[in-house]
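Numbered according to numbering that gives the first Met the number 0, the sequence shown spans residues 0 to 264. Below: the structure, in structure tokens.
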Amino acid sequence: MELDPQNAFSAIQTGIRQASALVVTYSFSVIGAVLLLVIGFVVAGFIERWVYAGLGQVGGFDLTLRRFFSKIARYVVLGLVVVMVLGQFGIQTASVIAAIGAVGLAIGLALQGTLQNIAAGIMLLALRPLRIGEYVEVGSISGTVEEIGLFATRLRAVDGIYILAPNSTLWTLPVKNFTRNGVRRNDITISATNEHDLDQVQKSLLKLAESDRRVRKDPPPSAFVAELGDNTASITLRYWTSDSDYQSAKAELNKKVRSTLRVMA
Numbered sequence: 000m001e002l003d004p005q006n007a008f009s010a011i012q013t014g015i016r017q018a019s020a021l022v023v024t025y026s027f028s029v030i031g032a033v034l035l036l037v038i039g040f041v042v043a044g045f046i047e048r049w050v051y052a053g054l055g056q057v058g059g060f061d062l063t064l065r066r067f068f069s070k071i072a073r074y075v076v077l078g079l080v081v082v083m084v085l086g087q088f089g090i091q092t093a094s095v096i097a098a099i100g101a102v103g104l105a106i107g108l109a110l111q112g113t114l115q116n117i118a119a120g121i122m123l124l125a126l127r128p129l130r131i132g133e134y135v136e137v138g139s140i141s142g143t144v145e146e147i148g149l150f151a152t153r154l155r156a157v158d159g160i161y162i163l164a165p166n167s168t169l170w171t172l173p174v175k176n177f178t179r180n181g182v183r184r185n186d187i188t189i190s191a192t193n194e195h196d197l198d199q200v201q202k203s204l205l206k207l208a209e210s211d212r213r214v215r216k217d218p219p220p221s222a223f224v225a226e227l228g229d230n231t232a233s234i235t236l237r238y239w240t241s242d243s244d245y246q247s248a249k250a251e252l253n254k255k256v257r258s259t260l261r262v263m264a
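See the structure below:
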């Protein structure tokens, strides 16, 4: 079958016209998409800086949360820009948004534990039951807080052991914060026998506490009989110190109290 040159030429011209129309049409779409992307990136950066600076004006707002929320704002803007770019090419954005929602739900279910840690991290940073440098005890976990992240919190135990605790664990259990109030109470209890003068023992213990510069005057130290037995009596010395002096005062007064009781026997 012979090809008619006239028909072939007409077909080529038609194809060129259609291709030209497509190029013109999609050129505008591509240019519009590029402009949207450029403007979107600029606006997203501005929004990120604006949110970061705005949260910085809130007193006591944590730096990690400022970064987290400013990044979230940036990615939300970029997500909207991507949807608008897809719309430039005639793609049904409603179906795209539905697909993104379905993917997000699947990812959320797969990373449920991780998302719990992030949510707990946000609550820890917002409500601040523990801060960097504070000594805390949460369940079986205890140590000095070194870093609070969105996923986990790093602590250092008293023996120097590294601890990385999931935020969900720290949030769901009661937190004992030994540093927050700045002062701590200690009780030293000794056992006196019938050979001891209880009044004299109490006076001696009070004198020990009052002569120690680390013991606070308010509330004042006290010494009292905590428990009576047949041949013994438990006498307690109660005093308050600052958190920083707690361990040193406890160690030294324990030694002095024992020596005093031994001398008075």
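Glycine residues also receive a C-beta, built at the ideal position from the N, C-alpha and C atoms.
Q) Looking only at its own chain, which residues have a Cβ that is under 8 angstroms from the Cβ of L260, when we skip the five neighbours before and after it? A) I189, A191, H195, V200
Q.
Taking the alpha-carbon of R73 as reference, which of Q115, R48, Y245, T113 has the nearest alpha-carbon?
A. R48
Q: With a threshold of 16 other CB atoms inside 10 Å of the CB of L227, please say whether the residue is buried or exposed.
A: exposed
Q. For Q115, which residues of its own chain have a beta-carbon under 7 angstroms away from its beta-carbon, when the five flanking residues on both sides are left out?
A. S167
Q: Look up W239 in the DSSP assignment and give the residues it is bridged to.
A: R184
Q: Inspect the beta-carbon positions of S233 and R183 and report whether they are closer than 9 angstroms.
A: no
Q) Quick one, are the C-beta atoms of L165 and A151 less than 9 angstroms apart? A) In the sequence as displayed, the identity of residue 165 is Pro instead of Leu. Yes, the pair counts as a contact, with Cβ atoms nearer than the cut-off.
Q.
Would you call the stretch 207-225 in contact with the stretch 172-180, where contact means no fewer than 3 C-beta pairs closer than 8 angstroms?
A. no
(Q) At the level of alpha carbons, what is the spacing between L36 and F67? (A) 23 angstroms
Q.
How far does the alpha helix (DSSP H) with E209 in it extend, from its first residue to its last?
A. 197-209
Q) Expressed to the nearest angstrom, what Euclidean distance is found between the alpha-carbon atoms of I117 and L149? A) 5 angstroms
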